[in-house]
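Undergrad:
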Amino acid sequence: MTCKKQGVQFNGTKEQEAALKEVISQLKDTKGSLMPIMQKAQEIYGYLPIEVQTIISDEAGIPLEKIYGVATFYSQFALQPKGKYQVSVCLGTACYVKGSGDIFHKIEEILGITNGECTPDGKFSLDSCRCVGACGLAPVMMVNGEVYGRLTVDDVPGILAKYE
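In terms of the UniProt record's numbering, the sequence shown is residues 1 to 164.
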């Protein structure tokens, strides 16, 4: 997976494109097919770059702006690739008042990326989220679903080092 801070190089394969076109041909005439097509496209590629959205538009006859609107409205869709290690910091009220904003900024500083981005080597991606349901452990961050709670800024380098 290739990803970098400024723009993302699309590296889709012919096999992925063929798989997507097969899905589209099976679903495009079904009412309400856009969401299932986009979900399957994200399964195939891991995210929905403009190149994939364009394939969906061309093959299904759906305007590109409608596809982009759906992709940006629903949080289940990603427009940027995700890293091998997906770091998520809760910025919900309980976590934020206990310092998760500072933790988020420390992660940005260490990884050299910001919200929604992926490191150039594809190892880490960073996302903010709202309430992971662990308010008693605030502030909280997760790495691939593993929860780290009651954090301080000083804890962040050690946690990220585990995934190097």
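A virtual CB, placed ideally from N, CA and C, is assigned to each residue, including glycine.
These figures come from a predicted structure and were not determined experimentally.
1) List the whole-angstrom C-beta distance separating V89 from I103, where the pair is believed to meet the contact cut-off of C-beta under 8 angstroms.
2) Under the assumption that I50 contacts L20 (Cβ atoms under 8 angstroms), give the Cβ distance between them as a whole number of angstroms.
3) Using a beta-carbon distance below 8 angstroms, is E51 in contact with chain D?
4) Identify the continuous alpha helix (DSSP H) that holds Y45 and give its terminal residues.
5) Taking 7 angstroms as the cut-off, is the CB of P63 close to at least one heavy atom of the ligand GDP?
6) Report yes if the C-beta distance between I113 and A60 is below 8 angstroms; otherwise report no.
7) Suppose only complete runs of 4+ residues qualify. What are the alpha helix (DSSP H) ranges in the segment 100-125, listed by chain order?
8) By Cβ distance below 6 angstroms, which residues in the same chain neighbour I67 in space, the five residues on each side in sequence not counted?
9) Between the segment 69-76 and the segment 91-105, are three or more C-beta pairs nearer than 8 angstroms?
10) Going by beta carbon distance, what residues of the same chain come within less than 7 angstroms of K123, once the five residues before and after it are set aside?
11) Per DSSP, Q86 is paired with what?
TA: To lay it out plainly:
1) On the sequence shown, position 89 is the one that residue 89 refers to. On the sequence shown, position 103 is the one that residue 103 refers to. Rounded, the Cβ-Cβ distance is 6 angstroms, consistent with contact.
2) To locate residue 50, count along the sequence shown from 1; it is residue 50. To locate residue 20, count along the sequence shown from 1; it is residue 20. Contact doesn't hold; Cβ gap of about 14 angstroms is too wide.
3) Looking for chain D here will not work: only one protein chain is present.
4) On the sequence shown, position 45 is the one that residue 45 refers to. Start and end: L34 to Y45.
5) Of ligands this structure carries none, so the ligand GDP is not represented either.
6) As a position in the sequence shown, residue 113 is number 113, starting the count at 1. As a position in the sequence shown, residue 60 is number 60, starting the count at 1. Not a contact, by the Cβ cut-off of 8 angstroms.
7) 100-111
8) Translated into positions along the sequence shown, residue 67 becomes position 67. Answer for I67: Q53, I56 and S57, listed in chain order.
9) no
10) In the sequence shown, counting from the first residue as 1, residue 123 sits at position 123. Taken in chain order, the residues that qualify are G83, K84 and Y85.
11) Along the sequence shown, read from residue 1 onward, the residue named residue 86 stands at position 86. DSSP, once it has assigned bridges, lists S125 as partnering Q86.
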